[in-house]
Amino acid sequence: MELTKQSSWNKARDILKDWRDNNQRRSVEVIEIWENSLASKIHKLGDDRFVVLEQVSVAALDCNRLDVAASCIHSLIKEFPNSLRVRTLLVMKLEAQQRYEEALEHLETIIKIDETNTAARKRKICILKAKNKIPEAIKELTEYLKKFMTDQETWQELCDLYLSEGDYAKAVFCMEELFLHHPHNHLLHQRYADILYTQGGLENIELAISHYLMAINLNEKNIRALYGLALSCHQVLTSAKCSAAKKKEISKQMMWVSKHLARQYEEQQGNTETLTELMSALQVS
Amino acid sequence: MASTGYHKIILTIGICFLVHAAVSAAQRKSSGQDLHEIPSLIFQGIVSLIVCMYAIIYIAGDLKEIRATEELENKSWETLRNIPSFYMFNHRGRSLSPAYDPTSINKALNEE
Numbered sequence: 001m002e003l004t005k006q007s008s009w010n011k012a013r014d015i016l017k018d019w020r021d022n023n024q025r026r027s028v029e030v031i032e033i034w035e036n037s038l039a040s041k042i043h044k045l046g047d048d049r050f051v052v053l054e055q056v057s058v059a060a061l062d063c064n065r066l067d068v069a070a071s072c073i074h075s076l077i078k079e080f081p082n083s084l085r086v087r088t089l090l091v092m093k094l095e096a097q098q099r100y101e102e103a104l105e106h107l108e109t110i111i112k113i114d115e116t117n118t119a120a121r122k123r124k125i126c127i128l129k130a131k132n133k134i135p136e137a138i139k140e141l142t143e144y145l146k147k148f149m150t151d152q153e154t155w156q157e158l159c160d161l162y163l164s165e166g167d168y169a170k171a172v173f174c175m176e177e178l179f180l181h182h183p184h185n186h187l188l189h190q191r192y193a194d195i196l197y198t199q200g201g202l203e204n205i206e207l208a209i210s211h212y213l214m215a216i217n218l219n220e221k222n223i224r225a226l227y228g229l230a231l232s233c234h235q236v237l238t239s240a241k242c243s244a245a246k247k248k249e250i251s252k253q254m255m256w257v258s259k260h261l262a263r264q265y266e267e268q269q270g271n272t273e274t275l276t277e278l279m280s281a282l283q284v285s
Numbered sequence: 286m287a288s289t290g291y292h293k294i295i296l297t298i299g300i301c302f303l304v305h306a307a308v309s310a311a312q313r314k315s316s317g318q319d320l321h322e323i324p325s326l327i328f329q330g331i332v333s334l335i336v337c338m339y340a341i342i343y344i345a346g347d348l349k350e351i352r353a354t355e356e357l358e359n360k361s362w363e364t365l366r367n368i369p370s371f372y373m374f375n376h377r378g379r380s381l382s383p384a385y386d387p388t389s390i391n392k393a394l395n396e397e
């Protein structure tokens, strides 16, 4: 990447901060930026440098660059010899080396020292996940959620695990829990509707329609929700159980969605050729 | 609510009157008069202030709508679903690293 090579250290710092705040994984790029511009200038970052070191070491573990991770963690240990947060990083390194037993031992001691340490408990669940013991991970997660009920990330993770097991009803419950925290997040409404649509059945799809509409209402640029709405409308229209009055209403919505999608494509690309292609691919007319 | 030359002229006039009121108040005070005895001066001050406010509201430009979902508008599910505290490291990206040892998997399997 030309951009990462030429950028000065403060530009690199801003990029890393942006990725950190927006939860972007981009581990390979983080390492590239680190090696090209930040590694030699780390002292210039002030108090920011510790967060950057943490971010880089996680990214390095993600790419299996254990050398980079080791040097970052080492400089963090020098600064904070007794920190549990740094110790969790060490555990993550053991995980990346697949030394799960040792990692678990460390985690147990961390939890013994600080019972409220959520990061360590989460790592324990990750080890189960890494060993592909999904049912055990789900059990552990539900135990965790009994203690820390307001942890949104964990509800989301539990939802993903249920989805990977194909247990849609329980995944739906987790999403409902997330709604309570963020009723105005259009992505959650869209995701919830996606799960309901996957689950199938006329009732579920009708509920999905109302949540897709909610997502579009909150953010009309959510193309995924628009397509989802088009697909669910199509499903309802082709279903035999649906009454004629209902079908009329749904076909009105269908018209509205295709118009709206066409407008969004017009605004973004100036033409609707790709849209017609995509719609025919989905067999939604 | 577009800012026009008309409103700029009003603002200039308003500020002139406001400054005039302030200067004359300072003069009267230095000559020992009590300001409460001169209602025209107080009146001029208040009216010119209102005129300035009126003009500034038009010059400052359009007001923006505050929406609850403004900050979420440009987020995608891809960043929302990514949770750093649940990262797993034994994915296929590992094998792209220069330090990757292909025999490590066999070792791990043998141990189990």
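These protein sequences, in sequence, are chains A and B.
In terms of the numbering used here, the first sequence has 44 at position 44, counting the first letter as 1, and numbering is strictly consecutive.
Each number in the numbering used here comes from the position in the second sequence (counting from 1) with 285 added on.
We treat Cβ as the ideally placed atom computed from N, Cα and C, and that holds for glycine.
Open item on the list: One question on the structure: do L16 (chain A) and V58 (chain A) come within less than 9 Å of each other, judged by their Cβ atoms?
Closed with: By one-based count along the first sequence, residue 16 (chain A) stands at place 16. By one-based count along the first sequence, residue 58 (chain A) stands at place 58. In this structure, V58 (chain A) does not lie closer than 9 Å to L16 (chain A) by Cβ.
- [ ] Tell me whether I298 (chain B) sits in a helix, a strand or coil according to DSSP, three-state version.
- [x] The residue given as residue 298 (chain B) occupies position 13 in the second sequence. In the structure shown, I298 (chain B) sits in a helix (DSSP, three-state: H, G or I).
Open item on the list: If we define contact as Cβ-Cβ less than 9 Å, is K349 (chain B) a contact residue for chain A?
Closed with: Translated into positions along the second sequence, residue 349 (chain B) becomes position 64. With 9 Å as the cut-off, K349 (chain B) does not count as an interface residue toward chain A.
TODO: Specify the secondary structure class of D62 (chain A) as computed by DSSP and reduced to three states.
DONE: Mapped onto the first sequence, residue 62 (chain A) falls at position 62. D62 (chain A) falls in the helix class under three-state DSSP.
- [ ] Quick one: residues in its chain with C-beta nearer than 8 Å to the C-beta of E140 (chain A), no 5 flanking neighbours on either side, listed in chain order?
- [x] If you number the first sequence from 1, residue 140 (chain A) lands on position 140. Only K124, I125, L128 meet the Cβ criterion.
TODO: Determine the burial state of C301 (chain B): buried for a count of at least 16 other Cβ atoms within 10 Å of its Cβ, exposed for fewer.
DONE: Reading the second sequence from its first residue, position 16 is the one you call residue 301 (chain B). Exposed is the call here.
- [ ] Flag S71 (chain A) as yes if its beta-carbon sits less than 9 Å from any beta-carbon of chain B, otherwise no.
- [x] Along the first sequence, one-based indexing puts residue 71 (chain A) at 71. Taking Cβ atoms only, chain B never reaches closer than 9 Å to S71 (chain A), which makes this a no.
Open item on the list: Pop quiz: I344 (chain B) and K293 (chain B) are said to be a contact at Cβ under 8 Å. What is the actual Cβ separation, rounded to whole angstroms?
Closed with: Taking the second sequence and counting its residues from 1, the one referred to as residue 344 (chain B) is at position 59. Taking the second sequence and counting its residues from 1, the one referred to as residue 293 (chain B) is at position 8. Right, the Cβ-Cβ distance comes to about 7 Å (below 8 Å), so this counts as a contact.
Task: the segment 183-193 of chain A / the segment 206-220 of chain A touching (three or more Cβ pairs under 8 Å) - done: yes
Open item on the list: Under 8 Å, CB to CB, which of the residues in the segment 360-372 of chain B have a partner in chain A?
Closed with: K360, S361, W362, T364, L365, R366, N367, I368, P369, S370, F371, Y372
Task: For H106 (chain A), three-class secondary structure by DSSP - done: Counting from 1 along the first sequence, the entry for residue 106 (chain A) is found at position 106. Residue state, collapsed to three classes: helix.
Open item on the list: Closer than 8 Å between beta carbons: that is the criterion. Which residues of the segment 217-248 of chain A meet it against chain B?
Closed with: L218, N219, K221, R224
Open item on the list: Is there a Cβ of chain B sitting closer than 9 Å to that of D67 (chain A), yes or no?
Closed with: For the purposes of this step, residue 67 (chain A) is identified with residue 67 of the first sequence, where counting begins at 1. Judged by the 9 Å Cβ criterion, D67 (chain A) is in contact with chain B.
Task: Nearest-angstrom Cα separation, counted from I351 (chain B) out to A306 (chain B) - done: Position 21 of the second sequence, counted from the start, is the residue given in the question as residue 306 (chain B). Position 66 of the second sequence, counted from the start, is the residue given in the question as residue 351 (chain B). Those two C-alpha atoms are separated by around 38 Å.
- [ ] Below 7 Å between beta carbons is the criterion; list the residues of the segment 200-215 of chain A that meet it against any residue of chain B, in chain order.
- [x] none
Task: Spatial distance of F374 (chain B) from K252 (chain A) (CA atoms) - done: To locate residue 374 (chain B), count along the second sequence from 1; it is residue 89. To locate residue 252 (chain A), count along the first sequence from 1; it is residue 252. Between F374 (chain B) and K252 (chain A), the C-alpha separation is close to 48 Å.
Task: the segment 13-44 of chain A: positions lying closer than 7 Å to chain B by Cβ - done: N22, N23, Q24, R25
Task: Endpoints, alpha helix (DSSP H) assigned at F328 (chain B) - done: As a working mapping, residue 328 (chain B) is identified with position 43 in the second sequence. First-last of the alpha helix (DSSP H) with F328 (chain B): 324-344.
Task: Euclidean distance between Cα positions of L66 (chain A) and E79 (chain A) - done: As a working note, residue 66 (chain A) is residue 66 in the first sequence. As a working note, residue 79 (chain A) is residue 79 in the first sequence. Answer to the nearest angstrom: the Cα atoms are 20 Å apart.
- [ ] Mind listing the chain A neighbours of R377 (chain B)? Cutoff is C-beta to C-beta under 7 Å, in chain order.
- [x] Here residue 377 (chain B) refers to the residue found at position 92 of the second sequence. Simply none; closest approach about 11 Å.
- [ ] Look up E350 (chain B) in the DSSP assignment and say whether it is helix, strand or coil.
- [x] Here residue 350 (chain B) corresponds to residue number 65 of the second sequence, with the count starting at 1. Coil.
Task: Backbone CA spacing between D14 (chain A) and P387 (chain B) [nearest angstrom] - done: Locating residue 14 (chain A) in the first sequence gives position 14, counting from the first residue. Locating residue 387 (chain B) in the second sequence gives position 102, counting from the first residue. The straight-line gap from Cα to Cα measures roughly 36 Å.
Open item on the list: For the alpha helix (DSSP H) containing A262 (chain A), name the first residue and the last one.
Closed with: Within the first sequence, numbered from 1, the residue matching residue 262 (chain A) stands at position 262. Note, A262 (chain A): alpha helix (DSSP H), 244-269.
Open item on the list: For the structure I just gave you, are there three or more beta carbon pairs, one from the segment 202-210 of chain A and one from the segment 173-180 of chain A, closer than 8 Å?
Closed with: no
TODO: Compute the Euclidean distance between the alpha carbons of N132 (chain A) and E363 (chain B), then round it to the nearest angstrom.
DONE: Translated into positions along the first sequence, residue 132 (chain A) becomes position 132. Translated into positions along the second sequence, residue 363 (chain B) becomes position 78. Approximately 23 Å, taken between the alpha carbons.
Open item on the list: Quick check on the burial criterion: 16 or more other C-beta atoms within 10 angstroms. Buried or exposed for V286 (chain A)?
Closed with: Here chain A covers residues 1 to 285 and nothing more, so residue 286 (chain A) does not appear.
Open item on the list: Pop quiz: E102 (chain A) and L89 (chain A) are said to be a contact at Cβ under 8 Å. What is the actual Cβ separation, rounded to whole angstroms?
Closed with: Translated into positions along the first sequence, residue 102 (chain A) becomes position 102. Translated into positions along the first sequence, residue 89 (chain A) becomes position 89. At roughly 14 Å, the Cβ-Cβ gap does not stay under 8 Å, so E102 (chain A) and L89 (chain A) are not in contact.
- [ ] Can you have a look at M92 (chain A) and say buried or exposed, based on whether 16 or more other CB atoms are within 10 angstroms of its CB?
- [x] The sequence position of residue 92 (chain A) within the first sequence is 92, counting from 1. By the neighbour-count rule (16 or more Cβ atoms within 10 Å), M92 (chain A) is buried.
Task: Cβ neighbours of L114 (chain A) in the same chain (closer than 7 Å, five flanking residues each side left out) - done: For the purposes of this step, residue 114 (chain A) is taken as residue 114 along the first sequence, with counting starting at 1. Note on identity: in this sequence residue 114 (chain A) is Asp, with Leu being the wrong assignment. Only L84 meet the Cβ criterion.
Task: Simplified DSSP assignment, three categories, for E203 (chain A) - done: The count along the first sequence starts at 1 and reaches residue 203 (chain A) at position 203. E203 (chain A) falls in the helix class under three-state DSSP.
Open item on the list: Please tell me whether Q190 (chain A) has its Cβ less than 9 Å away from any Cβ of chain B.
Closed with: Position 190 of the first sequence, counted from the start, is the residue given in the question as residue 190 (chain A). It does: the Cβ of Q190 (chain A) has a partner Cβ on chain B nearer than 9 Å.
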